[in-house]
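Reviewing the structure listed below.
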Amino acid sequence: MTAVMIDLEGTELTDSERELLAHPAVGGVIFFSRNFENHQQLLELVRQTRAAARNPLILAVDHEGGRVQRFREGFSAIPAMAEIGRYADSERQAQHWAQELGWLMAAEVLALDIDISFAPVLDVNGISEVIGDRAFAQKAEQLTPIARAFIRGMHQAGMKATGKHFPGHGSVRADSHIEIPVDERSWEEILATDLPPFIELASCLDAVMPAHVIYPAVDDKPAGFSSYWLQDILRAQLQFNGIIFSDDLGMAGATVAGTMSERAHAALDAGCDMVLVCNDRAGAIEVINAIEPRLEQLKKNAARCYQQLSKPAGMTMNVLQNHPRWHGAQAVLTEMSNAKDKR
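In UniProt numbering, the protein residues as written are 1 to 343.
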């Protein structure tokens, strides 16, 4: 595998997608709701995707729960992460719920032969509407133990955890999907408010996704294009040794880095191991062609990515849904729903 993660148009592979997947620069595929009809269809799409690829692939999805859950029919409805702390009677109960939901989410995604869900969100639930209830809590000291339990559940299922959006998207109002957010706070405030979950959980995380947010008190580049954020802080100070994914290079928050190919080079130069290009086929082709001269340089890093993130052999969905822990996790969903109804 190498350095570009692309997406697919629909529920079946097209000839042009088979051609793209055979390119040596493609190392991953991210799935969206448009790629899913039912379990069997998705399993076949995954099989065809892996078979068409020249390199081993990392297959991914955003399946956090709440409003960001790409697969619905036949999957458990994972609540928004904010509901865990909001409705639990105690820290112990919140952590139990989080662990079982982390396991459930991961186990169901793995059963479809997809390696990772880009989760958990480690942003605080501050003023950002695009983050909002995707975050576990409003304050880092509340968020971190619940997120740790969620990660533990993911790991118990066999899935690697990706913390996002480093160093924190929750305290800036603008949505990086549609504009370039600028967080004007001081380094001291960012360090006190947003960074603690990433600091405390760095050793638990297998991957990190940086934010397309500019923090001018620290650097004039968005975090995902900043070697200071990724190399000096994340790698050196936090001693994070996992994989760094860019967020989608097609987002408005990434446009500050130039053309699509310039964004890809900037992200890789800053320290990203894999770049995502979603919902823009022409942009994906531009990036694939642009990084081709770097492929030899990227191969060693690509092997590390695959080794660290590829999933073990998992249960089928039928076997999973007869597993005692799956039934226990369903009981947690019922318990949470009942607690919500009482409020």
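Even for Gly, the Cβ is constructed at its ideal location relative to N, Cα and C. Only a predicted model underlies this, so the values are computations on that prediction, with no experimental measurement involved.
Collapsed DSSP secondary structure at proline 210 in the structure displayed: strand
Alpha helix (DSSP H) segment containing leucine 143, residue limits: Per DSSP, leucine 143 belongs to the alpha helix (DSSP H) from 140-157.
Between the CA atoms of valine 29 and glycine 126 - distance to the nearest angstrom: 31 Å
Pair within 9 Å by beta-carbon distance, glycine 247 and leucine 276: As written in the sequence, residue 247 is aspartate, which differs from the glycine given in the question. Yes.
Nearest residue (CA-CA) to aspartate 341, options Leu21, Glu83, Arg34 and Glu64: Glu83
Buried/exposed call for lysine 300, threshold 16 Cβ in 10 Å: exposed
contact_flag[the stretch 88-107, the stretch 144-161] where n(CB pairs < 8 Å) is 3 or more: yes
7 Å CB neighbourhood of valine 68 in its chain, flanking five on each side removed: Asp62 and Arg134
Arginine 281 to glutamate 262 span [Cα, whole Å]: 16 Å
Per DSSP, the bridge partner or partners of histidine 165: In DSSP, histidine 165 forms no bridge with anything.
CA-to-CA distance, histidine 169 to alanine 211, given in whole angstroms: 6 Å
One or two residues paired with alanine 60 in a DSSP bridge: Ile30 and Ile116
Cutoff 7 Å; reference cysteine 278; Cβ partners in own chain excluding five residues on either side: Asp7, Ile30, Asp248 and Gly250
Of the listed residues Pro216, Phe71 and Gly153, nearest to tryptophan 97 (C-alpha basis): Gly153
Local Cβ density within 10 Å of asparagine 318, reported as buried at 16 or more and exposed below that: exposed
Through-space distance from methionine 336 to glycine 85, alpha-carbon basis: Each residue's alpha carbon lies about 10 Å from the other.
Extent of the continuous beta strand (DSSP E) to which valine 275 belongs: In the DSSP assignment, valine 275 falls within the beta strand (DSSP E) that extends over 274-276.
Close Cβ partners of serine 226 (< 6 Å) along its chain, the five nearest in sequence each way excluded: Asp219 and Ala270
CB contact flag (residue 347, alanine 217, <9 Å): Nothing in the structure corresponds to residue 347, since the chain is present only between 1 and 343.
Of the listed residues Ser128, Arg18, Phe32 and Glu100, nearest to alanine 52 (C-alpha basis): Arg18
Local Cβ density within 10 Å of residue 344, reported as buried at 16 or more and exposed below that: The structure shown does not extend to residue 344, since the chain is modelled only from 1 to 343, so the question has no answer here.
Beta-carbon proximity list for histidine 177, same chain, < 6 Å, skipping 5 on both sides: Met251
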